[in-house]
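Written out below as structure tokens is the structure these notes cover.
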Amino acid sequence: EISKLKDPSLFCQNAFVNGEWVKSKTKKEFSVLDPATNQEIGKVPEMNAEDIKIAIKAAKEAFKDWAALTAKNRHDFLKTLNSFILDNKNDLATILTQENGKPINEALEEIKYGAGFIEWFSEETRRTYGDVIPSPMKSNRILVQKQPVGVVGIITPWNFPNAMITRKIGAALAAGCTVVIKPAAATPFSALAIAKLASKAGFPKGVINVVTAEQNLKEVGLELTTNPDVKKISFTGSTPVGKMLMQQSSSTLKKISLELGGNAPFIVFDDAEVEAAVEGTIKSKFRSSGQTCVCANRIYVQSSIYAEFATHLSEKVSKFKIGNGFDQQTTHGPLIDEKAIKKVTRHVEDAVAKGAEILVGGVQRNGNFFEPTVLTGMTSEMDITREETFGPVAALYKFESEDEVIKLANDSNVGLAGYLYSRDVGRCWKVAEALELGIVGVNTGAISYVEAPFGGVKESGIGREGSKYGIDEYLNIKYINFGGL
Ligand code: ADP
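Everything in the sequence shown is counted per full-length UniProt numbering, starting at 35 for the first residue and increasing by one.
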């Protein structure tokens, strides 16, 4: 727990602006609770628009020098940050589990995954190549150069309190941008710990700023999205909030990256290896107790293997052990809060009322814990079909044919990730290409790597994170026509 950190200075209860640890002008603070116990972990400043203006100004000031560094200089800063994160991975994982609830081993995995983005983009910064384009005129040359967009406003969710930040700031800082980060109110301490390590790593003041707010969320969001000195918004969170931020950002026409909700289909054909498909389902569905935007939400299983699949999955799920993330036996932690429990409960009750059957789980335990659940007999009329559950509920739908399941899978307004299991190569290609998604896992339930482009289509968002494409989101293309030759 947090009282046992090796380096207690990583637990920061102030915001980080212009290289200093600050309170809010409002003098107010808000409490952050441990989702496993509902006990207070600590307090952070309740900042308002005035506070955010100061942070944006600092980031704007710092931008000039940061953008002017060589790519190699920025590489060195990011490389140092990467090694500081890894050197402190146990403390960072402890902070993460304390505020998010996920089991400590999963938190440790997130820290390593998160550090990977800083490492990856420390390398990519030296590869932001331009172009020389053959000109239609003898007297000139056409040059293309990439330049950082400027100050970036970053708004992140609580489900990956570390990695959602490193995935964005890795790319932004590598590109030469400076950042104002507003982490989720439920998980500010992981963000502040990153800022602490960045300041120890020698990042110049104002390059990285972390601001915190809970009650004042709306005005803080409005300032970030309407302040003309912010040139880009990068957001991960729910689709309704993403839409609102995009609308607000239009007043100054900011560049925008949105990584929003999904409703992942997980398709198991009758020629799949059932055991492997069960394992993949567990990885995809129950990671972080179902609280990721790429978690399987609708599990479609072909009729001839449906019963076998349901039995195997239920057996495995019934062995899960929910509990405090610090307890070594815990396989699955709590949900983030009461609101999350209510949504999961509503989804289960709605499904049961419309004819689904609970094979395992289905009920809330004390506090924010919900028993890992398997539902069978799902139909399109049920709420889970349309809404991301964001909880530990595996909902099984039976299907007959390939064409039918492609239609069902695509019958959604969102399209982030999806999965399919089959040993028929032709079918894998065909279905993977037909799915209206940004990411498809074929015979695997794991799809997130720093090397791979992450992002969605439809109402799942705009832009890609990680990979060789990720840094472009933070760069403008400048074309220089070199004449008079
Ligand atoms: P979730 O359901 O995962 O909490 P949200 O979209 O509500 O999803 O939250 C994701 C992030 O967006 C969090 O950092 C949250 O504080 C922030 N957020 C929510 N509402 C607003 C808003 N009106 N303006 C700015 N940020 C917001």
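Beta carbons: idealized from backbone N, C-alpha and C, even for Gly. Remember, predicted model here, so these are calculated numbers, not experimental data.
Inter-residue Cα distance where the pair is residue i and residue j
i      : j      : result
Val394 : Ala197 : 31 angstroms
Glu499 : Glu293 : 9 angstroms
Cys211 : Lys432 : 48 angstroms
Ala83  : Ala93  : 15 angstroms
Ile316 : Gly479 : 8 angstroms
Asp445 : Val335 : 16 angstroms
Ile88  : Ala229 : 17 angstroms
Glu95  : Val448 : 38 angstroms
Glu470 : Asn297 : 11 angstroms
Gln179 : Arg332 : 44 angstroms
Val459 : Pro222 : 45 angstroms
Pro274 : Thr104 : 39 angstroms
Leu519 : Ala206 : 36 angstroms
Gly53  : Glu309 : 52 angstroms
Glu438 : Glu467 : 15 angstroms
Gln181 : Ser43  : 36 angstroms
Glu257 : Ile86  : 7 angstroms
Gln47  : Lys91  : 22 angstroms
Asn134 : Ala141 : 9 angstroms
Thr270 : Ile514 : 34 angstroms
Ala70  : Lys38  : 17 angstroms
Lys216 : Met278 : 16 angstroms
Ala486 : Glu507 : 15 angstroms
Lys502 : Ile511 : 16 angstroms
Ile267 : Lys136 : 28 angstroms
Lys146 : Ser323 : 19 angstroms
Glu372 : Glu74  : 15 angstroms
Ala385 : Thr423 : 12 angstroms
Thr326 : Arg380 : 19 angstroms
Ala232 : Asp263 : 23 angstroms
Leu226 : Gly240 : 14 angstroms
Residue i, buried or exposed, once every other Cβ within 10 Å from all chains shown has been counted against 16
i      : result
Asp305 : exposed
Ala341 : exposed
Gly359 : buried
Tyr163 : exposed
Pro368 : buried
Ala425 : The residue asked about is misnamed: residue 425 is Gly in this sequence, not Ala. By the 10 Å Cβ count, Gly425 comes out buried.
Asn400 : exposed
Val351 : buried
Met171 : exposed
Asn116 : buried
Arg161 : exposed
Phe118 : buried
Phe404 : buried
Glu493 : buried
Gly236 : exposed
Ser173 : exposed
Ile356 : buried
Lys353 : exposed
Val465 : buried
Lys123 : buried
Asn72  : exposed
Gly187 : buried
Close-in-space but distant-in-sequence residues of the same chain around residue i (CB under 6 angstroms, 5 per side omitted)
i      : result
Gly475 : Tyr453 and Ile481
Cys462 : Ser456 and Val476
Lys40  : Asp125
Ile473 : Ala451 and Ile481
Ala311 : Val302 and Tyr455
Ser285 : Thr260
Chain-order list of residues whose beta-carbon lies under 7 angstroms from that of residue i (same chain, five-residue window excluded)
i      : result
Ala208 : Arg108, Leu112, Phe155, Ser156, Glu158, Thr159 and Ile505
Thr410 : Ala344, Ala390, Glu391, Leu393 and Leu430
Val484 : Gly150, Phe151, Trp154 and Gly500
Glu144 : Leu130, Phe194, Asn196 and Ala197
Arg321 : Cys329
Lys388 : Thr413, Glu415 and Met416
Chain B within 7 angstroms of residue i, Cβ atoms only
i      : result
Val264 : The chain inventory of the structure shown lacks chain B, comprising one protein chain alone.
Cut-off 8 angstroms between Cβ atoms - residues of its own chain near residue i, not counting five sequence neighbours on either side
i      : result
Ser337 : Asp304, Lys432, Phe433 and Glu434
Lys77  : Gln47, Glu63, Phe64, Ser65 and Val66
Ser224 : Leu126, Ile129, Leu130, Glu133, Asn134, Pro195, Asn196, Ile199 and Pro217
Asn402 : Pro69, Ala70, Asn72, Gly135, Pro368, Leu369, Ile370, Asp371, Glu372, Ala374 and Ile375
Heavy atom of the ligand ATP within 6 angstroms of residue i beta-carbon
i      : result
Ala486 : Of the ligands this structure carries, namely the ligand ADP, none is the ligand ATP.
Check your understanding: Could you give the uninterrupted runs of the beta strand (DSSP E) lying entirely in the stretch 453-510, keeping only those of 3 residues or more?
Key -> 473-476
Check your understanding: What are the complete beta strand (DSSP E) segments, minimum 3 residues, inside the stretch 145-201?
Key -> 165-167, 175-182 and 185-189
Review point. Taking only runs of the alpha helix (DSSP H) that begin and end inside the stretch 264-324, which ones reach a length of at least 4 residues, in chain order?
Key: 273-283 and 308-320
Check your understanding: Curious, which full-length beta strand (DSSP E) runs of at least 3 residues does the stretch 410-455 contain?
Key -> 427-433 and 451-455
Check your understanding: What are the complete alpha helix (DSSP H) segments, minimum 4 residues, inside the stretch 96-146?
Key -> 105-121 and 123-134
Check your understanding: What are the complete beta strand (DSSP E) segments, minimum 3 residues, inside the stretch 355-418?
Key -> 391-394 and 407-410
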